[in-house]
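The structure appears below as structure tokens.
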Amino acid sequence: MWHGIDMYSLVYSFGFVPCACEHQGIVDDQFTQLRKLEDENSPHFVMEVASLFFEDCEKLINNMAIALEQKQGVDFKQIDECIHQLKGSSSSIGAMRVKNACIAFRSFSDGQNREGCLRCLQQLSHEYSLLKNKLQTLFRLEKEIVAAGGSIPRVH
Amino acid sequence: MALTLPSGDQSSDQDNWDNGRLARKRQLLTEIVLRNRLTALVVDADTTCRVLEQLLLRSYGVQTQGVDNGRDAVTLIASGVKFNLIIIDMILPILNGLEKATRQIRDMGVHCKMLGVTACSGESERQAFLAAGVDVFIEKPLDPEHLVPILRELDG
């Protein structure tokens with residue numbers, strides 16, 4: 001009866017995986033609203049945009065890491081620009097914990113506190129990794145369900 | 157295999173009722189069917205934000221174009237292309253969204269609705285952006301609850 005459908009697919013079919021992401025604060029209602037916009041014309045756009053976001057996020061985190069390592073002095077203006085961009089994109093896709101990490105980061109950047117910025121960068125990297133892992137799991141499950149002949153329950 | 161439900165706080169019946177009413181209210185706020193064909197220009201340097209903003213607009217049937225810097229926005233409008241709505245980020249490369257692009261667009265005699273967006277907002281940024289010529293100022297993310305009333309107004 002359950003041939004080809006594993007435990008995770010069952011869990012997904014009960015709506016727990018997407019809810020778990022929102023319940024843990026990893027994503028917020030903005031993400032849910034974006035998912036509601038997916039339809040037969042653009043069924044995967046959230047996944048595609050998430051991929052764009054992951055690329056940009058990694059680039060910005062890397063740029064900030066390099067900036068904070070500069071021996072001749074940290075360019076806090078550059079750090080601020082990176083945080084600003086990342087806050088905007090994370091809030092737009094609904095990545096709540098990444099966004100909140102940016103808000104905390106900004107206060108240390110404004111204060112030109114290098115040690116504080118390094119701690120924030122670490123936290124930001126952690127939140128990004130968590131988000132990427134959860135969303136990639138979610139999207140993978142959806143692919144598996146569709147490949148097994150199932151359909152993705154649309155959020156309403 | 158037994159399915160283990162995730163543990164968590166049990167919502168009261170009152171909480172479920174209140175959440176249901178709120179969800180329905182939000183659904184009503186974000187539903188719209190446009191009678192007219194509206195057009196919009198999205199000016200945002202961040203790919204994730206620009207793509208999401210365009211997708212959100214398209215989901216409501218708005219025909220959109222996107223550019224990633226202020227100069228291209230000014231050039232496009234100067235070429236005679238008309239839009240009902242321009243969504244412009246405050247910080248843009250080449251021609252800044254706040255001081256340059258918005259003012260130049262208004263100086264060209266363009267009177268369409270302009271929605272200024274930014275990742276980090278304070279009262280001074282809000283006042284400056286409004287003074288530059290935007291009609292509405294929103295802190296990112298651009299979400300249906302902010303966008304739909306504007307689209308309703310433009311649709312007459």
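First to last, the protein sequences are chains A and B.
Sequential numbering of the first sequence, starting at 1, is according to the working numbering.
Sequential numbering of the second sequence, starting at 157, is according to the working numbering.
All C-beta atoms, glycine included, are put in the ideal place defined by N, C-alpha and C.
In this text the structure is predicted, and so the values were computed from the model without any measurement.
Straight-line Cα distance separating residue j from residue i
i	j	result
F239(B)	L118(A)	44 Å
R259(B)	L197(B)	16 Å
V237(B)	I243(B)	15 Å
H302(B)	G217(B)	16 Å
A252(B)	I145(A)	Reading the sequence as shown, one finds Asn at residue 252(B) and not Ala. For N252(B) and I145(A), the distance between alpha carbons rounds to 46 Å.
F105(A)	A95(A)	15 Å
N41(A)	L211(B)	12 Å
A148(A)	Q136(A)	18 Å
L307(B)	Q70(A)	47 Å
P249(B)	N225(B)	5 Å
L130(A)	I26(A)	8 Å
G265(B)	L121(A)	45 Å
V74(A)	E255(B)	27 Å
S277(B)	D202(B)	17 Å
L257(B)	G150(A)	For clarity, residue 257(B) is Ala in the given sequence; the question names Leu instead. Spanning the two alpha carbons is a distance of roughly 49 Å.
K269(B)	I261(B)	11 Å
A288(B)	D263(B)	10 Å
Candidates the options, of which the one nearest residue i by Cα
i	options	result
E82(A)	A275(B), L286(B), L310(B), D299(B)	At residue 82(A) the sequence reads Cys, which differs from the Glu that was named. Taking only the C-alpha atoms, the option nearest C82(A) is A275(B).
L124(A)	K59(A), G150(A), S151(A)	K59(A)
I247(B)	E295(B), I188(B), I233(B), C268(B)	E295(B)
A72(A)	I152(A), F139(A), R114(A)	Per the sequence shown, residue 72(A) should be read as Gln rather than Ala. Looking at the Cα atoms, R114(A) is the closest of the given residues.
S109(A)	S89(A), H44(A), L68(A)	L68(A)
K87(A)	Y128(A), R140(A), G111(A), G150(A)	Y128(A)
I152(A)	K132(A), Q24(A), N100(A), E38(A)	E38(A)
D299(B)	K134(A), D56(A), G116(A), I93(A)	I93(A)
R206(B)	K134(A), F139(A), S89(A), R97(A)	S89(A)
Burial state of residue i, where buried means 16 or more other Cβ atoms lie within 10 Å
i	result
I160(A)	An answer regarding residue 160(A) cannot be provided, because it is not within the stretch 1 to 156 covered by chain A.
Q30(A)	buried
M1(A)	Residue placement at M1(A) is poorly supported in this model, since its pLDDT is 40, which falls under 50; the coordinates still yield a value, given next. Exposed, by the Cβ-count rule.
K143(A)	exposed
H84(A)	buried
G324(B)	This structure cannot settle anything about residue 324(B), because the visible part of chain B is limited to 157 through 312.
P43(A)	exposed
S280(B)	exposed
G4(A)	Confidence in G4(A) is poor, its pLDDT being 46 and thus under 50, which makes the residue's placement too unreliable to answer from.
At a cut of 8 Å, does the region 69 to 84 of chain A reach the region 279 to 292 of chain B through at least three beta carbon pairs? no
Does the pairing of the region 62 to 72 of chain A with the region 43 to 53 of chain A give three or more beta-carbon distances under 8 Å? no
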